[in-house]
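Residue numbers (our numbering), protein chains in the order written: chain A, 1 to 166; chain B, 167 to 265; chain C, 266 to 850.
No residue lacks a Cβ here, since even glycine has one placed at the ideal position from N, Cα and C.
Let me begin by presenting the structure, written as structure tokens, before commenting on it.
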Amino acid sequence: MPLVYFLVVAALIYSAHKATRVKGLLNAALWLAGTSCLTSILVYILGSPGLAVIELSVGAGLVTVLFVFAISIIGDEKITSDVFVPHWLAISISVVSFGMLAYLLIAQHMPSVQSVTTSPIFSDLFWEGRKIDIYLQGALFISGILGILLLIAPAVSKRIKEGKNK
Amino acid sequence: MNTLVIIAIVSLIAIGFYCLIITRNILKIIVALQVLVKGAMIAMILAGKLTDQMELAQSMAITIIVADTIVAVIGLAMSIQLREKTGTCDIHSISKLKR
Amino acid sequence: MAGILIPFLIFTPWLTAILVWFIGDKHEEGLHQFASAGAILSAILSLLLLSQIGDSTISFAKIGPLFGNLSFSTDALGIILACIANCIGSLTVIFSAEYMKHEKSLARYYSMVLLFIGAMSGLVLTANIFMIFFFWEITALCSYQLISFYNDDPNAVRGGLKALFITQFGGIGLMVAGLLIFGYTHSFEIGRFIQAAQGGEIPANVLGIIGFTLIIAATAKSAQFPFFTWLPDAMEAPTPVSALIHAATMVNAGVYLLCRFFPALEAVPGWKMTILILGLITILISSLMAIFATDLKRVLAYSTVSQLGYMFAAIGAGSVLACQFHLLSHAIFKALLFLCAGAIIHSCGTRDMYKMGGFFKKIPFISITFIIGSLALAGIPVLNGFWSKELILESIHSGTPIIIYILMLFSVILTALYTIRCVWLVFFGEPRSDLHVHDAPFLMALPLGILSLGTITSWLVFEPFSRSLSNSLPLYGIPKETLSELVSKIFGDPYTFLALGMVAIGILIWFLRNKLPLHNSITRKIKSISLNSFGFEAINNGVVNGINAASEAIRNIQTGSLNWNIFGMLIGLICILIALMIGGL
Chain A
1 MPLVYFLVVA ALIYSAHKAT RVKGLLNAAL WLAGTSCLTS ILVYILGSPG
51 LAVIELSVGA GLVTVLFVFA ISIIGDEKIT SDVFVPHWLA ISISVVSFGM
101 LAYLLIAQHM PSVQSVTTSP IFSDLFWEGR KIDIYLQGAL FISGILGILL
151 LIAPAVSKRI KEGKNK
Chain B
167 MNTLVIIAIV SLIAIGFYCL IITRNILKII VALQVLVKGA MIAMILAGKL
217 TDQMELAQSM AITIIVADTI VAVIGLAMSI QLREKTGTCD IHSISKLKR
Chain C
266 MAGILIPFLI FTPWLTAILV WFIGDKHEEG LHQFASAGAI LSAILSLLLL
316 SQIGDSTISF AKIGPLFGNL SFSTDALGII LACIANCIGS LTVIFSAEYM
366 KHEKSLARYY SMVLLFIGAM SGLVLTANIF MIFFFWEITA LCSYQLISFY
416 NDDPNAVRGG LKALFITQFG GIGLMVAGLL IFGYTHSFEI GRFIQAAQGG
466 EIPANVLGII GFTLIIAATA KSAQFPFFTW LPDAMEAPTP VSALIHAATM
516 VNAGVYLLCR FFPALEAVPG WKMTILILGL ITILISSLMA IFATDLKRVL
566 AYSTVSQLGY MFAAIGAGSV LACQFHLLSH AIFKALLFLC AGAIIHSCGT
616 RDMYKMGGFF KKIPFISITF IIGSLALAGI PVLNGFWSKE LILESIHSGT
666 PIIIYILMLF SVILTALYTI RCVWLVFFGE PRSDLHVHDA PFLMALPLGI
716 LSLGTITSWL VFEPFSRSLS NSLPLYGIPK ETLSELVSKI FGDPYTFLAL
766 GMVAIGILIW FLRNKLPLHN SITRKIKSIS LNSFGFEAIN NGVVNGINAA
816 SEAIRNIQTG SLNWNIFGML IGLICILIAL MIGGL
């Protein structure tokens with residue numbers, strides 16, 4: 001059992017690292033899809049199958065498709081400006097700060113949480129208890145997608161025209 | 167087991183932040199934000215498992231996924247517009263603040 | 266009823282300010298009328314509030330779990346000051362309709378003035394220390410904006426920055442006092458603090474620190490020693506602004522602060538004596554500087570500083586009633602003097618008194634109102650300045666060592682001297698250069714007339730004044746006096762005639778100035794020291810330059826780059842984690 005955890009966590013960290021450090025934006029988007037799949041597996045073995053499905057479909061589906069779409073419009077280019085924060089400083093500060101955070105969490109020096117005895121049914125809690133919240137999020141989601149389509153429509157039609165003219 | 171998951175969470179957040187400090191390409195920023203939020207989501211699920219309130223944690227994590235997806239979607243659209251208007255993806259050359 | 270009036274009183278000027286901003290600079294006539302209407306409406310509301318004086322505290326919502334309630338108190342101390350602020354505010358807005366005709370960016374001017382009036386009402390009416398700090402900062406912002414109103418003029422900008430830095434230094438004192446009060450009484454309510462201090466729940470050294478930080482806050486805001494150099498440089502502001510902010514309202518905020526916390530802090534050893542000594546030094550220094558100044562508005566600024574010193578001395582002697590009565594009189598006659606000076610400067614174009622002269626025949630209305638105001642300033646009988654000044658002198662005589670009383674009498678001579686000098690140089694004698702002056706148009710003359718009427722008659726409200734103060738502030742130890750008691754006390758006291766004699770000596774010194782042996786090296790030395798503001802100008806200029814240089818240096822860390830900002834975020838995270846590791850383990 002711990003072996004499965006260990007493999008999934010190791011693969012997750014590796015794919016996240018590759019997603020941010022690999023050259024080429026399309027490769028980064030594909031590694032991001034891999035990261036989504038691995039987090040979905042991790043969430044599943046932690047005990048939440050519903051969320052795993054949602055994460056898989058949204059993260060590895062919707063976001064990846066949008067990324068590929070955007071990258072095809074934008075294209076890759078070399079960045080020529082200079083770096084503000086040198087690499088060694090960035091690595092050291094990330095390692096120091098999050099190392100401290102990990103230490104505090106693992107050694108359980110963080111303030112402790114108490115567990116609640118009654119646990120309601122998930123669908124009840126989700127659709128009744130947080131009704132307004134969920135409906136708002138759904139509306140936000142849909143309006144966001146529609147708005148985005150409106151925003152990138154001129155760019156897309158321009159590309160299509162350019163494609164036709166060629 | 168919990169320790170491993172904690173290490174995963176903290177590493178994901180650290181990788182996300184490291185990429186935000188290093189990168190100058192606007193699409194890479196969105197990739198970094200995605201990685202960051204995945205770490206936060208796993209943290210929420212772990213907290214649900216530890217306090218035995220999985221349902222509450224799941225509903226919150228769904229909210230997190232929705233928020234992060236909307237950020238990704240709008241961020242991508244804005245970066246496309248930015249590219250169209252200014253012709254570059256580099257955030258340092260776009261900034262007009264007098265330095 | 267009061268619960269409805271107080272929010273309206275604060276929000277009417279604020280709403281008018283926002284609407285004025287939206288109207289913009291294009292419709293100038295509409296701007297003048299709309300701003301005047303808003304100011305007059307809030308003045309009427311404040312006068313209505315006078316009927317609601319009681320000792321209740323009204324609280325509205327909670328402003329978050331830590332900061333207590335948004336509470337207002339309806340006692341006389343606050344309501345009288347709110348009336349002064351709103352009424353004089355409306356008169357200066359009417360005056361500005363004529364004075365600021367055809368100026369640029371009028372929307373900015375009116376919205377800042379109205380924002381200021383609303384914030385001042387809020388400052389004196391609230392009973393929550395955190396809200397006092399909030400309104401305090403808003404008044405500091407408006408004062409800075411209005412001093413630097415002519416923002417093409419580098420002197421004005423520098424004057425505004427100097428006022429901002431020095432009064433913000435005082436704001437630090439207020440914040441420290443507020444945090445200490447919260448730490449020891451777990452609430453931000455002033456009533457609770459006074460109860461705790463009088464009941465002995467706060468340790469004596471903490472109470473001492475609270476007292477002295479409040480003195481720092483009050484002296485910085487009211488331009489006392491050693492923070493007095495910002496007020497003369499603030500005279501770069503348009504004159505209605507000087508009349509409102511730097512004579513009648515904002516500089517009273519320091520005095521108000523001390524009066525409000527008086528019952529809690531009067532037992533602190535050395536507190537009252539410190540205030541008394543600071544007030545006395547301020548009176549002497551600023552009167553000396555006023556005798557040698559050449560700019561008309563600077564003389565009035567120095568005289569404001571010295572009259573505030575009188576109020577501080579009254580608090581130091583223990584009499585809140587005398588202080589508040591002098592505040593009322595001073596607000597009226599000082600606003601009158603500043604508005605007259607504004608009318609003179611507007612018509613002749615210069616502020617230098619040595620270029621004026623012989624204006625009495627040319628502009629009789631302004632001359633008469635100015636002379637009424639200056640007679641009140643000098644303390645001539647029947648006008649309101651006389652009664653309040655005599656009340657202060659009487660309380661000092663009965664409550665403090667005799668040497669202080671003698672120094673106060675000397676300052677009465679100096680006050681009379683600079684007043685008569687100012688009046689003579691501007692209005693009498695031969696014209697020193699041919700300047701064209703014309704009398705005030707109606708919209709300027711109306712506030713002058715109302716204020717001079719107030720100067721002559723405002724002492725008649727002494728009885729309801731002291732009765733309402735005494736009834737609504739039971740812990741403050743304010744005596745109830747009737748008007749006849751006041752008149753008989755003052756005219757029956759032989760020291761009154763001593764003070765009047767000092768005024769006469771001061772006037773005589775001016776008229777005999779060529780015959781007295783005054784042109785020797787001592788007076789020349791005093792003149793040169795006072796023209797340099799006794800060395801404090803150099804210190805304050807150094808502070809201002811230092812702050813400017815430091816902010817230019819810190820500007821370099823604002824790069825606008827995302828990478829740098831996230832880096833800064835992580836440094837902050839490290840600091841928090843270090844604090845957790847040290848504290849939590």
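What residue does the alpha helix (DSSP H) around residue i start on, and which one ends it?
i               : result
I323 of chain C : Careful: I323 of chain C lies outside any alpha helix (DSSP H), inside the beta strand (DSSP E) at T322 to K327.
G694 of chain C : Counting along the chain, G694 of chain C falls outside any alpha helix (DSSP H), and DSSP gives it neither H nor E.
E363 of chain C : A341 to Y364
K369 of chain C : Counting along the chain, K369 of chain C falls outside any alpha helix (DSSP H), and DSSP gives it neither H nor E.
D498 of chain C : W495 to D498
C37 of chain A  : L25 to L46
W775 of chain C : P759 to F776
V53 of chain A  : P49 to S57
I148 of chain A : K131 to N165
I645 of chain C : No alpha helix (DSSP H) contains I645 of chain C, which DSSP labels as neither H nor E.
L105 of chain A : H87 to I106
Y14 of chain A  : P2 to R21
Give the DSSP-derived three-state secondary structure of residue i in the structure shown.
i               : result
S584 of chain C : coil
D699 of chain C : coil
T404 of chain C : helix
T80 of chain A  : coil
L335 of chain C : strand
T64 of chain A  : helix
N828 of chain C : helix
T539 of chain C : helix
T391 of chain C : strand
E466 of chain C : coil
N191 of chain B : strand
D560 of chain C : strand
E746 of chain C : coil
D853 of chain C : Because chain C is modelled from 266 through 850, residue 853 of chain C falls outside the range shown and cannot be assessed.
D418 of chain C : coil
D218 of chain B : coil
Can you give me the start and stop residues for the beta strand (DSSP E) that residue i sits inside?
i               : result
F414 of chain C : Per DSSP, F414 of chain C belongs to no beta strand (DSSP E) and is neither H nor E.
May I ask you to check if the CB of residue i is nearer than 8 Å to at least one heavy atom of the ligand GTP?
i               : result
T634 of chain C : With respect to the ligand GTP, the structure shown offers nothing to examine, as it has no ligands at all.
Does any C-beta atom of chain E lie closer than 9 Å to the C-beta of residue i?
i              : result
A60 of chain A : Given the protein chain composition of this structure (A, B and C), no chain E is represented.
Taking a cut of 9 Å between CB atoms, which residues from the segment 70 to 104 of chain A lie near chain C?
V83, F84, V85, L89, A90, I93, S94, V96, S97, F98, M100, L101, Y103 and L104
Selection of the segment 9 to 25 of chain A by Cβ proximity to chain B, strictly under 7 Å:
V9, L12, I13, A16, H17, A19, T20 and L25
Chain-ordered residues of the segment 803 to 830 of chain C with a beta carbon less than 7 Å from chain B
So the list reads T824, G825, S826, L827 and N828, given in the order they occur along the chain.
Return the chain-ordered ranges of every alpha helix (DSSP H) run that is complete within the segment 509 to 535 of chain C and spans a minimum of 4 residues.
517 to 525 and 527 to 530
Continuous beta strand (DSSP E) assignments of at least 3 residues falling wholly in the segment 276 to 330 of chain C
322 to 327
Given a limit of 7 Å on CB to CB distance, which residues of the segment 140 to 157 of chain A reach chain B?
L140, F141, G144, I145, I148, L151, I152 and A155
Could you tell me whether the segment 61 to 70 of chain A touches the segment 804 to 818 of chain C, where touching means 3 or more Cβ pairs closer than 8 Å?
no
Tell me whether the segment 396 to 411 of chain C and the segment 424 to 440 of chain C touch, counting them as touching only if at least three CB pairs, one residue from each stretch, are closer than 8 Å.
Result yes; three or more Cβ-Cβ pairs closer than 8 Å.
Touching or not, the segment 596 to 609 of chain C and the segment 628 to 636 of chain C, by the rule of three or more beta carbon pairs under 8 Å?
yes
Examine the Cβ distances between the segment 360 to 377 of chain C and the segment 691 to 709 of chain C and report whether three or more of them are shorter than 8 Å.
yes
Contact set between the segment 830 to 848 of chain C and chain B, restricted to residues whose Cβ is under 7 Å from the partner:
I831, F832 and L835
Count the C-beta pairs between the segment 335 to 345 of chain C and the segment 723 to 736 of chain C that are closer than 8 Å, then say yes if the count reaches three, no if not.
yes
Cβ-based contacts, 8 Å cut-off: residues of the segment 36 to 47 of chain A near chain B:
S36, T39, L42, V43, L46 and G47
Please go through the segment 777 to 828 of chain C and give each complete alpha helix (DSSP H) segment of 4 or more residues, from N-terminal end onward.
786 to 796 and 801 to 819
Using a Cβ cut-off of 8 Å, which residues of the segment 236 to 257 of chain B contact any Cβ in chain A, in chain order?
I236, A238, V239, I240, L242, A243, M244, S245, I246, Q247, R249, E250, T254, C255 and D256
Give a yes or no on contact between the segment 452 to 463 of chain C and the segment 383 to 400 of chain C, applying the rule of three or more CB pairs nearer than 8 Å.
With the cut-off at 8 Å, the segment 452 to 463 of chain C and the segment 383 to 400 of chain C touch.
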